[in-house]
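If you read the sequence shown in the working numbering, its first letter stands for residue 8, the second for the next number, and so on.
No residue lacks a Cβ here, since even glycine has one placed at the ideal position from N, Cα and C.
All values derive from a computational prediction rather than experimental measurement.
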Amino acid sequence: ALEELKYMLIENNVLSELNLSMSEICCDTMLPLSIGLSQNHFLQSLNLANNHIRSKGANQIINALMDSNISELNLSFNHIDDNIAPQMKAFLSKNLNITKIDLSGNNLTSRFMIAIASPLSKTMLTDLNVSRNPIGGKGLSAIGPSLAINKYLKILNVSGCQIDSKGFNDLLKTLELHILM
Numbered sequence: 008a009l010e011e012l013k014y015m016l017i018e019n020n021v022l023s024e025l026n027l028s029m030s031e032i033c034c035d036t037m038l039p040l041s042i043g044l045s046q047n048h049f050l051q052s053l054n055l056a057n058n059h060i061r062s063k064g065a066n067q068i069i070n071a072l073m074d075s076n077i078s079e080l081n082l083s084f085n086h087i088d089d090n091i092a093p094q095m096k097a098f099l100s101k102n103l104n105i106t107k108i109d110l111s112g113n114n115l116t117s118r119f120m121i122a123i124a125s126p127l128s129k130t131m132l133t134d135l136n137v138s139r140n141p142i143g144g145k146g147l148s149a150i151g152p153s154l155a156i157n158k159y160l161k162i163l164n165v166s167g168c169q170i171d172s173k174g175f176n177d178l179l180k181t182l183e184l185h186i187l188m
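Here you go:
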């Protein structure tokens, strides 16, 4: 089925949204999908939530979408860990169309947040959901300086992220300093 989907994506010039959530897709079957996505320039929204993509498959998807017109990407609940940090950093730096990313319910930590902090300051992203990941206070405070200068991000969901009061206070202090400048 994914092999057929690959050819459909390559030929597609109409479909703008693809929802493959809960489709039992795993990291070992991602290659055909990633090939199709890399050659597609019409898709704007991709939902791969609640599969078994893991970091290996997520890296393939992120690399395939690097030069795409994708504006919304949902990789929530896919057993993804910090191994996607370098690819996500490159993706946020290069893809100028992305406005919404959902990475909720994975296993991303402060290491991931530190990696995306720099491109987060320059991205056109308006909605970032990293809820239900163990990013902790260190992860939240790491993106503080970027959030302070980002003019586009309107929604940041960090609920259920094991954020301690120190991390939250550090974020608030950083934001306050930038507001006063």
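task: Tell me whether A65 is buried or exposed, calling it buried when 16 or more other Cβ atoms sit within 10 Å of its Cβ.
output: buried
Among P39, L178 and F49, the one whose alpha carbon lies nearest that of I68: P39
For E11 and L132, the rounded distance between their alpha carbons: 32 Å
task: Would you kindly check if the distance between the Cβ of L103 and the Cβ of A71 is under 8 Å?
output: no
field: Whole-angstrom C-beta distance between D134 and K96, which should lie under 8 Å
entry: Contact flag wrong, Cβ pair sits at about 18 Å.
field: Neighbourhood of Q46 by C-beta, 6 Å cutoff - its chain only, sequence neighbours within 5 removed
entry: I17
message: On the DSSP letters alone, give me the boundaries of the beta strand (DSSP E) that E24 sits inside.
response: E24 to N26
- request: Identify whether L189 lies in helix, strand or coil by the three-state DSSP scheme.
  value: The question about residue 189 has no answer here: the residues shown for the chain are numbered 8 through 188.
task: Taking 8 Å as the cut-off, decide whether the C-beta atoms of N164 and N136 are in contact.
output: In contact: N164 and N136 (Cβ atoms closer than 8 Å).
query: Which residues in the same chain have their Cβ closer than 6 Å to the Cβ of I87, if we skip the five residues on either side of it in sequence?
result: Excluding sequence neighbours, I87 sits near S62, A65 and N113.
task: Go to N70, then tell me how far its alpha helix (DSSP H) extends in each direction, as first and last residue.
output: R61 to A71
Test item: CB-CB of N26 and N57 under 8 Å: No, they are not a contact pair.
- request: Hey, could you find the ends of the alpha helix (DSSP H) I156 is sitting in?
  value: Following the DSSP letters along the chain, one finds I156 inside the alpha helix (DSSP H) bounded by residues G151 to I156.
field: Beta-carbon proximity list for S75, same chain, < 8 Å, skipping 5 on both sides
entry: L44, S45, N47, H48, L50, N102 and N104
query: Helix, strand or coil: which one does DSSP assign to I91?
result: helix
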